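Colleague:
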Amino acid sequence: MPKPYWVNCLSRATADYLPFKDADGSVLDQGIALWFPGPNSFTGEDVLELQGHGGPVILDLLLKRILTIPGLRIARPGEFSERAFLNDKLDLAQAEAIADLIDASSEQAARSALNSLQGAFSARVNHLVEALTHLRIYVEAAIDFPDEEIDFLSDGKIEAQLNDVIADLDAVRAEARQGSLLREGMKVVIAGRPNAG
């Protein structure tokens, strides 16, 4: 697909202040055009952001003009996050964290979601996967070579490593429950006699 005409007007990785023109060349607005060539964008694809003055009439005119350009359409809700996930810019936990961040009802919920978006939760899960894979290698060696003297199973180090993994997993599960409470809130029932307090 050939590059759109506006690509040549913009500097790479910079913001340009320029007029936004209608099909007949008349100026609709002027604003900032941000060009993010892939893979250096949120989605990993070529992205152009236009920032106009924000009045509803002007935005409507700009949107109508933009939608006359072949191949352009309005994004579906969540599509940018979906594309970022499909292009390996986000993992699933990070993609879900975006929705949690948008829907956050408290500062603590927002901070928790932002932590997940920055990869903290994914890093912990990946660490657990690596630790379990490491332990699996020892178990497979013991199964594959039953007649060999294998000291590493009897010296307690493997058991200690497994206990560490279990403790880490319990901590991750507790944090996930806490995150669920932050996200969904608590349902509290106050029961008692009518008009008692």
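Quick note: the sequence shown, position 181, residue 181 per full-length UniProt numbering, numbers continuous. Each residue gets a CB set at the ideal place from its N, CA and C atoms; glycine is no exception. The structure presented is a predicted model; accordingly, all values stated were derived computationally and were not measured.
State the Cα-Cα distance for the pair Phe20 and Gly52, rounded to the nearest angstrom.
Modeller: For the purposes of this step, residue 20 is identified with residue 20 of the sequence shown, where counting begins at 1. For the purposes of this step, residue 52 is identified with residue 52 of the sequence shown, where counting begins at 1. Their backbone Cα atoms lie some 8 Å apart in a straight line.
Colleague: According to DSSP, what are the bridge partners of Asp29?
Modeller: As a position in the sequence shown, residue 29 is number 29, starting the count at 1. According to DSSP, which records beta bridges pairwise, Asp29 is partnered with Phe20.
Colleague: Return helix, strand or coil for Leu63, following the three-state DSSP convention.
Modeller: By one-based count along the sequence shown, residue 63 stands at place 63. It is helical.
Colleague: Taking a contact to mean a Cβ-Cβ separation below 8 Å, would you say Asp103 touches Ser116 in this structure?
Modeller: Here residue 103 is taken as the residue at index 103 of the sequence shown, counted from 1. Here residue 116 is taken as the residue at index 116 of the sequence shown, counted from 1. Contact: no.
Colleague: Looking at the secondary structure, which residues open and close the beta strand (DSSP E) in which Gln51 lies?
Modeller: Along the sequence shown, read from residue 1 onward, the residue named residue 51 stands at position 51. Secondary structure note for Gln51: its beta strand (DSSP E) is the uninterrupted segment 47-51.
Colleague: Report the rounded CA-to-CA distance for Asn87 versus Gly78, giving the unit in angstroms.
Modeller: For the purposes of this step, residue 87 is identified with residue 87 of the sequence shown, where counting begins at 1. For the purposes of this step, residue 78 is identified with residue 78 of the sequence shown, where counting begins at 1. So the alpha carbons of these two residues sit roughly 14 Å apart.
Colleague: Quick check: what's the CA-CA separation for Leu162 versus Glu148?
Modeller: Sequence index remark: in the sequence shown, residue 162 carries index 162 (1-based). Sequence index remark: in the sequence shown, residue 148 carries index 148 (1-based). Going by the C-alpha atoms only, they are around 22 Å apart.
Colleague: Mind checking which residues open and close the alpha helix (DSSP H) that includes Ala113?
Modeller: Taking the sequence shown and counting its residues from 1, the one referred to as residue 113 is at position 113. Element bounds for Ala113: 107-117.
Colleague: For Phe42, does the three-state DSSP call read helix, strand or coil?
Modeller: Reading the sequence shown from its first residue, position 42 is the one you call residue 42. Correct three-state label for Phe42: coil.
Colleague: Which whole-angstrom value is the C-beta distance of Asp29 and Ile58, which I expect to be below 8 Å?
Modeller: Mapped onto the sequence shown, residue 29 falls at position 29. Mapped onto the sequence shown, residue 58 falls at position 58. About 5 Å; that satisfies the 8 Å criterion.
Colleague: Does the stretch 33-44 come close enough to the stretch 54-72 that 3 or more CB-CB pairs lie under 8 Å?
Modeller: no
Colleague: Would you give the residue range spanned by the alpha helix (DSSP H) that Val129 belongs to?
Modeller: One-based indexing of the sequence shown puts residue 129 at position 129. 120-144 is the extent of the alpha helix (DSSP H) around Val129.
Colleague: Please identify the residue among Leu135, Arg83, Ala142, Lys89 whose C-alpha is closest to the C-alpha of Glu159.
Modeller: Here residue 159 refers to the residue found at position 159 of the sequence shown. The residue with the shortest Cα to Cα distance from Glu159 is Leu135.
Colleague: Val172 and Arg124 - do their beta-carbons sit closer together than 8 Å?
Modeller: Along the sequence shown, read from residue 1 onward, the residue named residue 124 stands at position 124. Along the sequence shown, read from residue 1 onward, the residue named residue 172 stands at position 172. Taking 8 Å as the Cβ cut-off, Arg124 and Val172 qualify as a contacting pair.
Colleague: Please go through the same chain and pick out, in chain order, the residues whose beta-carbon is closer than 6 Å to the beta-carbon of Arg83, but skip the five residues on each side of it.
Modeller: As a first step, residue 83 is located in the sequence shown; it is residue number 83 there, counting from the start. When the five nearest sequence neighbours on each side are left out, the beta carbons in the same chain lying within less than 6 Å of the beta carbon of Arg83 are those of Thr43, in order along the chain.
Colleague: Around the C-beta of Gly156, are 16 or more other C-beta atoms found within 10 angstroms, so that it is buried, or is it exposed?
Modeller: Against the sequence shown, residue 156 aligns to sequence position 156. Per the 10 Å Cβ criterion, exposed.
Colleague: Which residue marks the beginning of the alpha helix (DSSP H) containing Arg83, and which one marks its end?
Modeller: By one-based count along the sequence shown, residue 83 stands at place 83. Boundaries of the alpha helix (DSSP H) around Arg83: 79-86.
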